[in-house]
Amino acid sequence: MRASDADRDRVADILREALAEGRLTAEEHGERIAAVYEARTLGELEPLVHDLPAGRRPHEPAGSARPYDASVRPAPAPAENLVAVFGAAERKGRWRVPARTNAFAMFGGVEIDLTEAVFEQREIVINASAVFGGVEIKVPENVSVRSTGTGIFGGFDVRTHEAPDPDAPVVVITGFAVFGGVEAKARRGKRLKNLRSGQ
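Each residue of the sequence shown is one higher than the one before, starting from 0 at the first, in numbering that gives the first Met the number 0.
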């Protein structure tokens with residue numbers, strides 16, 4: 000059976016918890032996360048967590064997974080995956096931002112520039128993971144930025160702020176950095192012109 004973005008997200012969550020609990024090394028975690036975002040079927044996902052405590056499996060329905068905090072609950076729309084392993088990946092210029100973006104960097108770098116992007120929903124979630132690599136996120140200065148990320152022998156430097164306009168888009172950045180870095184900051188002088196339409 001083909002794997003969905005929700006299936007890949009659940010497996011990534013299991014691997015993140017295993018890393019935090021010391022069940023996986025940073026290198027093992029990085030290798031498995033890279034495989035998660037390249038997986039096409041449930042059969043490819045299951046071996047990545049078969050030796051970890053059962054509880055949430057990739058084939059379980061979405062309702063059985065631990066719920067996200069309300070501020071980071073992803074929309075059902077497909078996620079965009081940016082993966083940089085010994086290389087680089089970037090998303091910038093004029094582009095339509097999906098409700099959820101997964102960025103993974105291992106011995107490489109990912110750049111996400113939202114300053115000229117089109118926001119089609121009020122809240123977007125960026126799940127950024129850096130293992131011996133870096134993820135850089137640039138946002139317009141008139142949107143809200145929130146964070147639930149963690150640095151483990153690395154830096155998770157997200158400058159959070161609330162926009163004065165209550166209708167401004169919200170960018171939620173979650174994830175982790177292991178011997179790497181995740182950085183997000185507003186670019187001065189870069190603003191969305193029409194907050195209500197996302198332009």
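Positions of the beta carbon are idealized from the N, C-alpha and C atoms, including for glycine. Being a predicted model, the structure only gives us computed values, none of them experimental.
Is residue i helix, strand or coil by DSSP?
i: H49; result: coil
i: V10; result: helix
i: R15; result: helix
i: E79; result: strand
i: V142; result: coil
i: G180; result: strand
i: G107; result: coil
i: D164; result: coil
i: A2; result: coil
i: E20; result: coil
i: G150; result: strand
I'd like to confirm the pairing. Which residues does DSSP put opposite residue i in its beta bridges?
i: A127; result: A102, G174
i: R95; result: V117
i: I32; result: Bridge partners of I32: none, in fact.
i: K137; result: D112, K184
i: A87; result: G108
Using the rule of at least 16 other Cβ atoms within 10 Å of the residue's Cβ for burial, across every protein chain shown, is residue i buried or exposed?
i: G180; result: buried
i: P209; result: As shown, the chain starts at 0 and ends at 198. That puts residue 209 outside it, with no answer to give.
i: F152; result: exposed
i: R9; result: buried
i: G132; result: buried
Going by the CB atoms, is the gap between residue j and residue i shorter than 9 Å?
i: A104; j: A129; result: yes
i: A11; j: N101; result: yes
i: A38; j: R15; result: no
Residues in the same chain with beta-carbon distance under 6 Å from residue i, minus the five sequence neighbours each way, listed in chain order, please.
i: G150; result: A176
i: A162; result: N141, V142, S143
i: E135; result: E110, E182
i: L194; result: In this predicted model, L194 has a pLDDT of only 48, less than 50, meaning its place in the structure is not dependable enough to derive any value.
i: D112; result: K91, K137
Got a sec? Which residues, its chain only, sit under 8 Å from residue i by beta carbon, not counting five neighbours each side?
i: F85; result: M105, F106, G107
For residue i, collect the residues of the same chain with a Cβ closer than 7 Å to its Cβ; drop the 5 residues on either side in sequence, then sort them by chain order.
i: K189; result: T114, P139, E140
i: V82; result: A33, Y36, A88, F103
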